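Mind the numbering: the sequence shown is residues 32 to 109 in this note's numbering, read in order.
Ideal Cβ placement from N, Cα and C applies to all residues, glycine included.
Nothing here was measured: the structure is a model prediction, and the numbers come from that model.
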Amino acid sequence: MSGVQSAPPAARPAAHRRDRCPLCGRPRVHRYRPFCSAACRDRDLVHWLEGRYRLPAVEDESEEEPQADSEPEEAPRT
Ligand SMILES: [Zn+2]
């Protein structure tokens with residue numbers, strides 16, 4: 032047998048962190064972009080829906096007060 036040793040596959044540098052699943056950090060799959068799998072996609076969707084449902088259904092009917100803080104900054108010259 033020859034003494035040729037194949038170098039172990041070097042770990043790829045994390046130069047493509049943007050191509051990672053934002054939930055678990057695994058390489059994303061084009062089909063489930065930007066996630067790595069349907070599981071992560073669904074999980075994110077659930078979070079999104081929950082966050083939406085948590086919003087109060089009653090809108091705050093506070094009248095908008097016109098801000099009168101806009102004074103003309105004209106320094107009187109002497
Ligand atoms: Zn994932």
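In the structure shown, Arg51 falls within a strand segment according to DSSP collapsed to helix, strand and coil. Contact annotation, Leu54 with Asp73: C-beta distance approximately 10 Å; criterion of less than 8 Å not satisfied. Here the C-alpha atom of Pro107 lies approximately 24 Å from the C-alpha atom of Gln98.
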